[in-house]
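Written below as structure tokens is the structure these notes are about.
In full-length UniProt numbering, the protein residues as written are 1 to 141.
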């Protein structure tokens, strides 16, 4: 998340450029604008997901499970590799999603990271319901 609302002006950035050889005024200004737009977009998405009782991470797990139709199941460790979250976060997320009926584990295993899981019918239904609004937000941003 990028929390700076009052971005530095071109003149402010130029002031740094005079004393620091590494400052490219245009690239720095563009990067700050991109960070600001991305931050606002992420907040919009998080509000949208929250309205439907999901976190961004839960939504992304549903997307990963749904998008690869060639696989009947996935491992938690592989899902974690595809997301920029820690193993404890994905573990907690998956437990919550299982409790809410959005994913199901396919087999029993001692190590939860080794249990294959898949999206449930309820999870797929929720994801498909959310996709139009998700794409509208992305395209408007």
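C-beta: ideal position from N, C-alpha, C; glycine also.
Minimum C-alpha distance to residue i - residue among the options
i           : options          : result
residue 102 : 136, 83, 64      : 64
residue 100 : 135, 68, 45, 121 : 121
residue 98  : 131, 36, 80, 117 : 117
residue 96  : 84, 114, 62      : 62
residue 125 : 66, 36, 17       : 66
residue 3   : 86, 16, 40       : 40
residue 42  : 29, 60, 28       : 60
residue 127 : 48, 9, 38, 16    : 48
residue 36  : 51, 50, 5, 52    : 5
residue 105 : 83, 132, 72      : 72
residue 133 : 87, 107, 46, 20  : 46
Neighbour-count burial assignment, residue i, 16 or more Cβ in a 10 Å radius
i           : result
residue 34  : exposed
residue 74  : buried
residue 26  : exposed
residue 57  : buried
residue 135 : exposed
residue 76  : buried
residue 92  : exposed
residue 94  : buried
residue 80  : buried
Cβ separation of residue i and residue j, assumed to be a contact under 8 angstroms, to the nearest whole Å
i          : j           : result
residue 32 : residue 54  : Not quite, the Cβ-Cβ distance comes to about 30 angstroms (not below 8 angstroms), so this is no contact.
residue 13 : residue 22  : Actually they do not touch by this definition, with Cβ atoms about 12 angstroms apart.
residue 44 : residue 119 : Actually they do not touch by this definition, with Cβ atoms about 24 angstroms apart.
DSSP three-state assignment for residue i, whether helix, strand or coil
i          : result
residue 18 : helix
residue 25 : helix
Task: 3 or more residues per run - each beta strand (DSSP E) lying fully within the UniProt domain "HTH marR-type" (28 to 141) - done: 103 to 105, 116 to 119
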